[in-house]
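Residue numbers (my numbering): 137 to 311.
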């Protein structure tokens with residue numbers, strides 16, 4: 137940190153007695169902002185994994201409460217590391233693909249499905265979207281045809297693989 141003060145000799149008078157004193161190098165501003173800048177408070181909360189509701193477990197039949205597929209019954213496959221639930225219709229039966237859903241937006245039913253072992257590639261990274269390229273000033277006001285995001289071949293193959301495992305298990309259960 138730079139020195140903010142310098143020493144200056146004081147002319148001797150009866151009251152001060154002479155010597156030196158500290159003088160600021162730069163004067164303080166005469167204007168002060170009307171409102172103080174707010175300093176963010178310290179956050180001591182720890183990031184804990186989301187606790188799964190006791191009525192929900194892998195294989196539980198859930199009813200979706202929000203989104204495109206609201207009102208449809210789905211099968212909970214597992215809880216992802218992000219805390220969201222991985223669910224599927226299966227797609228072959230009612231058209232609900234592999235989706236991530238917050239447990240606040242589902243109702244758990246008492247119906248359970250015996251699920252076989254699922255592939256390890258079912259993770260949060262499967263649902264990541266590609267970052268959109270940033271536009272420079274020239275391209276900002278030019279209208280481009282917005283392309284709908286295409287479903288990757290990897291995701292389609294994974295959906296078929298999961299459906300092949302789940303459909304027989306779901307058909308065994310009387311819903």
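Where a beta carbon is used, it is the ideal one built from N, C-alpha and C, also for glycine.
Cβ shell of residue i (< 6 Å), same chain only, five flanking positions each side left out
i, result
"residue 186", "219"
"residue 291", "none"
"residue 198", "210, 212, 242, 244"
Outcome for residue i when other beta-carbon atoms lying within 10 angstroms are tallied against a minimum of 16
i, result
"residue 200", "buried"
"residue 260", "exposed"
"residue 242", "buried"
"residue 196", "buried"
"residue 232", "buried"
"residue 137", "Low local confidence applies: a pLDDT of 49 at residue 137 is under 50, so the model's placement there is unreliable, and no value is given."
"residue 204", "exposed"
When the options are compared against residue i, the one with the closest alpha-carbon
i, options, result
"residue 159", "147, 205, 141", "141"
"residue 237", "156, 228, 224, 249", "224"
"residue 301", "254, 154, 161", "254"
"residue 262", "178, 181, 216, 170", "216"
"residue 229", "148, 179, 303", "303"
"residue 155", "161, 145, 181", "145"
"residue 161", "190, 143, 175", "143"
"residue 247", "306, 179, 289, 292", "306"
"residue 294", "308, 286, 265, 257", "257"
"residue 286", "174, 264, 213", "264"
Beta-carbon separation (whole angstroms), residue i vs residue j, contact threshold 8 Å
i, j, result
"residue 299", "residue 226", "5 Å"
"residue 192", "residue 221", "7 Å"
"residue 251", "residue 194", "6 Å"
Cut-off 7 Å between Cβ atoms - residues of its own chain near residue i, not counting five sequence neighbours on either side
i, result
"residue 183", "none"
Inside the segment 260 to 310 only - alpha helix (DSSP H) runs reaching at least 4 residues: The segment 260 to 310 contains these whole alpha helix (DSSP H) runs: 289 to 308.
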